[in-house]
RNA sequence: GGGGGAAUUCCCGAGCGGUCAAAGGGGUCAGACUGUAAAUCUGAUGGCUCAGCCUUCGCAGGUUCGAAUCCUGCUUCCCCCA
C-alpha cells in the first residue's frame, strides 16, 4: 500500500487534541516514507481495569487507523506500572495490584483490544521486561531525572493537595516509568488520553536525556458517556466493547443529543463533512446513523442493521420482543399467589416490596391490563399470561 | 513519635437521646409526555406473611425505660506537627 504524507498527517490530526510537535512529525513522516521504516506508535495499556468500553476505543481506533496506514503499533502492557498505580485522573490513591491480578486482567484486556486493533500486526511488550531487570541503583538514577516541583506541576496533584487528599510516593514513580518505556521501545510517537499529557511529555524528556529523538506526543479527548457525564463503568453510562450488536445499538440510541458530535468524531471514520451532514438530520436519524457506524465496526453492517430493526420494533413501536422468557407455574406456589410474590418468583422484581411499589404505581400489566391492587392474588392461569413490569421487563406465565 | 478528625441506607452527604427506616442530592425504578429507553414533569426508592412486624447507621461491649446520636475498647482511613 502506498501512502502519501498528507494522508498520514491528516490521520494523525483528525480528532486529536494535542500534537507536539507537528513540525517534527512532518519530518518524521517524510523520513519514514523515504526509508520505508514504519513509525513506531506507542500506546500504553493499563491492565488494572480489564473491561474496555467505547471511551477506550477512541484511542484504539486511532491506532487502528494508523496501523492501516502502515505504522507499527507498539502496545505496552503496563504490568509493572500497574503495580504502582497511575495517578492520572484519580482523586484517590489507587489500590496496588498483585502480580496475579495483573496477569489475570491482561488476557481479557488484549482480547478486547483485539476487537479494534489487528493484533497480528501489533508489537506487544510488557514493561516488566525491563523493570524487573532494573536494579535499585538504576531505579534511583531514574528518580533523579525529575524533581518534586516538576511532579507537582500536574494540576491533579495540586488539586489533591488542596483537598487534603493523599498522594503516595509510588505515584511519583508512574510518569517516570511510563516515560522510560518510551526510551526502551524507542517510540516515535506516543498516543494517550488528554489526561495523559503530563506522562507522555515525561517520555519526551527522558528520550532527550538518553539522546534519542524525542517522541511525538498526541492526545485524544476523553469522551463523555451516554448521559453526558464522564464515561465510566461505575456511572453505568458506558458501552462495553464486548456488548453484542443489539445491546450496543440500543445503548447508543439513548445517548444525549449533546454527546453525538464527539461520538461521531471519535468513534467513527466519517469525514468531517459527513459528520456535519449527519448532525443536520433529525436527531433520531443522526443517532441511528451513529449507532449503525459504531455497531457496524464491531459486528458488521448486517448485524448492525438487524439490531437497528429490533430497536425500531421494540422501542419505537413498542412491540414486545418475541423471545420473552417463559415461566411455568410452580407446584410450590399452590393454587394462588399474591401478585407481588408472583412477580418476585418470576424474577421480574427483586423483592416483594419493589413489586408492591410497581403495582401501586400502575406499572404492572397482566395481559395488557394494568393491575393496581397490591393485594391482588393470582391463580394458575388458564392459558399463557403476559406479565409486564414497566416498559422493559416482561415474561409469559405458563400454566 | 505527638496532636487532631472521620467512619451513616447503592453512592455522596445531613442527622437536638425518643416523633429516625433516618433530611438533601445523585443514581435507580414507575407514571405522564415525546423524536427513543433523550430532555422535562410527577411519584417511589431496606426487607417481609405489609394499616403490622423484622433488620440497618465501622466492630464489640456498656449507660439508659429508650441510642445513628452518650461512654469504653478495637479496626480502618485522613490531616497537622516532628
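In the working numbering, the protein residues as written are 185 to 583. Heads up, the beta-carbon is just placed ideally off N, CA and C, and yes, glycines get one too. Since the model is a prediction, treat every value here as computed from it, not as a measurement.
What do you reckon, are the CB atoms on residue i and residue j nearer than 9 Å?
i           : j           : result
residue 265 : residue 319 : no
residue 296 : residue 426 : yes
residue 225 : residue 371 : yes
residue 404 : residue 384 : no
residue 415 : residue 202 : no
residue 432 : residue 475 : yes
residue 573 : residue 542 : yes
residue 406 : residue 239 : yes
residue 558 : residue 549 : no
residue 423 : residue 237 : yes
residue 258 : residue 200 : no
residue 491 : residue 434 : yes
residue 524 : residue 539 : yes
residue 310 : residue 260 : yes
residue 467 : residue 441 : yes
residue 250 : residue 196 : yes
residue 377 : residue 242 : yes
residue 255 : residue 223 : yes
residue 235 : residue 292 : yes
Suppose you measure from the CA of residue i to the CA of residue j; what does that come to, to the nearest Å?
i           : j           : result
residue 312 : residue 263 : 6 Å
residue 555 : residue 410 : 33 Å
residue 207 : residue 399 : 12 Å
residue 497 : residue 505 : 8 Å
residue 451 : residue 351 : 34 Å
residue 275 : residue 341 : In this prediction, residue 275 has a pLDDT of 40, which is less than 50 and means its spatial position is unreliable; what the coordinates show is noted afterwards. Going from the Cα of residue 275 to the Cα of residue 341 covers about 9 Å.
residue 302 : residue 308 : 12 Å
residue 388 : residue 439 : 37 Å
residue 567 : residue 582 : 7 Å
residue 508 : residue 537 : 24 Å
residue 368 : residue 358 : 15 Å
residue 221 : residue 396 : 17 Å
residue 579 : residue 373 : 53 Å
residue 408 : residue 246 : 17 Å
residue 193 : residue 499 : 42 Å
residue 495 : residue 317 : 54 Å
residue 522 : residue 503 : 28 Å
residue 142 : residue 529 : The chain is shown only over 185 to 583; residue 142 falls outside these bounds and no answer can be derived.
residue 356 : residue 189 : 38 Å
residue 159 : residue 315 : The structure shown has nothing for residue 159, since the chain only spans 185 to 583.
residue 288 : residue 304 : 21 Å
residue 553 : residue 437 : 29 Å
residue 321 : residue 216 : 37 Å
residue 457 : residue 191 : 16 Å
residue 576 : residue 392 : 57 Å
residue 527 : residue 339 : 51 Å
residue 333 : residue 218 : 42 Å
Start and end of the beta strand (DSSP E) containing residue i?
i           : result
residue 510 : 510-512
residue 209 : Where residue 209 is concerned, there is no enclosing beta strand (DSSP E), although the alpha helix (DSSP H) it sits in stretches over 206-219.
residue 564 : Neither: residue 564 is in no beta strand (DSSP E) and is coded neither H nor E.
residue 403 : 400-404
residue 256 : 256-261
Can you tell me where the alpha helix (DSSP H) with residue i in it begins and where it stops?
i           : result
residue 476 : 467-483
residue 240 : 238-252
residue 549 : Counting along the chain, residue 549 falls outside any alpha helix (DSSP H), though it belongs to the beta strand (DSSP E) covering 548-550.
residue 430 : 429-436
residue 445 : 444-451
residue 539 : 536-544
Counting Cβ pairs, one atom from each stretch, are 3 or more of them under 8 Å apart for the stretch 359-377 and the stretch 314-333?
Cβ pair count under 8 Å is three or more, so yes.
List, from N- to C-terminal side, the alpha helix (DSSP H) runs of 4 residues or more that fit wholly inside the stretch 321-394.
Qualifying alpha helix (DSSP H) stretches, in chain order: 332-335, 339-346, 353-369, 381-393.
Is the stretch 479-498 touching the stretch 508-522, taking contact as three or more C-beta pairs under 8 Å?
These segments do not touch.
Which runs of the beta strand (DSSP E) fall wholly inside the stretch 278-314 and span at least 3 residues, in chain order?
Whole beta strand (DSSP E) segments, 3+ residues: 307-310.
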